[in-house]
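FYI, in UniProt numbering the residues of the sequence shown are 1 to 327.
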Amino acid sequence: MTTLIEVSELHKRFGILHAVNNVSFNVQRGEVLGFLGPNGAGKSTTMKMITGFLEPTGGTIRVAGHDVQDEPIQVKRRIGYLPEGAPSYGEMTVQSFLEFVAEVRGVPRSQRQDRIRDVIDKIHLESVVEQTIETLSKGYKRRVGIAQALLHDPEILILDEPTDGLDPNQKHEVRLLIQEMAADKAIIISTHILEEVDAVCSRAVIIAAGRILFDGTPTELQARSDMHNAVTLIVDPATAAAAETALNGLDDVERVERIAEQGDQVTLLAVPHAGREIITAIGETIHRNNWAVQSLRVESGRLDDVFRQITMPHSTEGQREFSNRAA
1 MTTLIEVSEL HKRFGILHAV NNVSFNVQRG EVLGFLGPNG AGKSTTMKMI TGFLEPTGGT
61 IRVAGHDVQD EPIQVKRRIG YLPEGAPSYG EMTVQSFLEF VAEVRGVPRS QRQDRIRDVI
121 DKIHLESVVE QTIETLSKGY KRRVGIAQAL LHDPEILILD EPTDGLDPNQ KHEVRLLIQE
181 MAADKAIIIS THILEEVDAV CSRAVIIAAG RILFDGTPTE LQARSDMHNA VTLIVDPATA
241 AAAETALNGL DDVERVERIA EQGDQVTLLA VPHAGREIIT AIGETIHRNN WAVQSLRVES
301 GRLDDVFRQI TMPHSTEGQR EFSNRAA
């Protein structure tokens, strides 16, 4: 695969604060990278440096083979960027704003209206094209921001919190759009919303206090959860005690928890020792004892637990106070 983004030993200091500290990663064509971290982690600061809007203190960034500092215009031509916040020029209508962006981006005059119609259709902006941007809801402003990032059909997309302010249906539409575009683009999604990783990302990088703490696939991230390969089963109250005892006796089961009781249903959670798989042994135990099991499910892992485990030791009050400037 072609490497479209190369970040090497990147640093950014704001006075005494080391907001981005020795960050390195690559993004390939066809890859959707989730760039995750708590507020103040250095996510947006890194995105601003990749797009050329903020100068690094140290390190190098290459985009489609071009050095961001030496060839900024070549880099910007190849990137579609959705920054934090809403689009500028609130007095413009959506239509006039997109026409302005198309001209600035160098979209040929003969293609502009077709490109504008295409992004309006993709982002579902038909109902607001003649409204001024300042009158739009937060969700629609965000959608206009996504539209301007896509307008020149760039091979690289940098999207900072792309679903911020969108309702569940709008989030679903944007995620489908990202999946459709992913095959021939390199896409970075900067976010603190873990469901984005499950929904669209092929790879995840976690950053906290300016340092990368994890770089791998969502599956590898889930595998670090205590709940990875845990088994949830629902049985009737008469079976619950015997099931707890039997499951606790299995070699690869670390513990069994009774996590819910409601009417004629008792929910049990069997947690494996790290790296073990227990569903086969549990299935055999159920069959052998002829239990009436109403539900049986294997947990893939809980990303929120893993995220906290990785990032909490690196969160400080001082970093949180800085979050508005270096998120």
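From the three backbone atoms N, C-alpha and C, an ideal C-beta is built for every residue, glycine too.
Ignore the nearest five residues each way along the sequence and tell me which others in residue i's own chain have a CB closer than 6 Å to its CB.
i, result
"residue 220", "none"
"residue 161", "191"
"residue 227", "299, 301, 302"
"residue 29", "1, 2, 4, 186"
"residue 260", "267"
"residue 229", "272, 277"
Less than 7 Å between C-beta atoms, sequence neighbours within five positions excluded: which residues of the same chain meet that for residue i?
i, result
"residue 107", "115, 151, 152"
"residue 304", "194"
"residue 312", "none"
"residue 164", "142"
"residue 27", "4, 5, 33, 186, 188"
"residue 171", "163"
"residue 59", "8, 9, 10, 11"
Just mark residue i as buried or exposed, buried being the case when its beta carbon has 16 or more other beta carbons within 10 Å.
i, result
"residue 53", "exposed"
"residue 216", "exposed"
"residue 5", "buried"
"residue 69", "exposed"
"residue 1", "exposed"
"residue 249", "exposed"
"residue 149", "buried"
"residue 63", "buried"
"residue 51", "buried"
"residue 292", "exposed"
"residue 73", "exposed"
"residue 110", "exposed"
"residue 183", "exposed"
"residue 225", "buried"
When you compare each of the options to residue i by their alpha carbons, which one comes out closest?
i, options, result
"residue 238", "267, 74, 169, 103", "267"
"residue 283", "19, 214, 231", "231"
"residue 139", "111, 33, 84, 306", "84"
"residue 337", "71, 57, 7", "In this structure the chain extends from 1 to 327, so residue 337 is not present and cannot be described."
"residue 143", "155, 173, 156", "173"
"residue 91", "62, 33, 134, 10", "134"
"residue 10", "23, 2, 19", "23"
"residue 113", "262, 125, 98, 104", "98"
"residue 236", "265, 37, 124", "265"
"residue 123", "169, 36, 255", "169"
"residue 55", "64, 63, 45", "45"
"residue 270", "297, 289, 290", "297"
"residue 288", "167, 306, 257, 243", "243"
"residue 256", "233, 12, 263", "233"
"residue 79", "103, 176, 154, 166", "154"
"residue 290", "246, 182, 262", "246"
"residue 286", "223, 196, 240", "240"
Keeping to the same chain, check which residues put their C-beta closer than 8 Å to that of residue i; ignore five residues upstream and five downstream.
i, result
"residue 252", "272, 273, 276, 277, 278, 281"
"residue 167", "139"
Please give me, in chain order, every unbroken run of the beta strand (DSSP E) with length at least 3 that falls completely inside the region 197-260. 203-208, 211-216, 231-235
Kindly provide the ranges of any alpha helix (DSSP H) runs that are 4 or more residues long and lie completely inside the region 92-128, ordered along the chain. 94-104, 109-123
Entirely enclosed beta strand (DSSP E) segments - the region 161-203, minimum 3 residues: 186-191
I want to know whether the region 202-211 touches the region 33-41 - three or more CB-CB distances under 8 Å. yes
Take every Cβ of the region 122-134, pair it with every Cβ of the region 93-100, and state whether three or more of those distances are shorter than 8 Å. yes
At which residue ranges does the region 277-306 contain complete alpha helix (DSSP H) runs of 4 or more residues, listed in the order of the chain? 279-289
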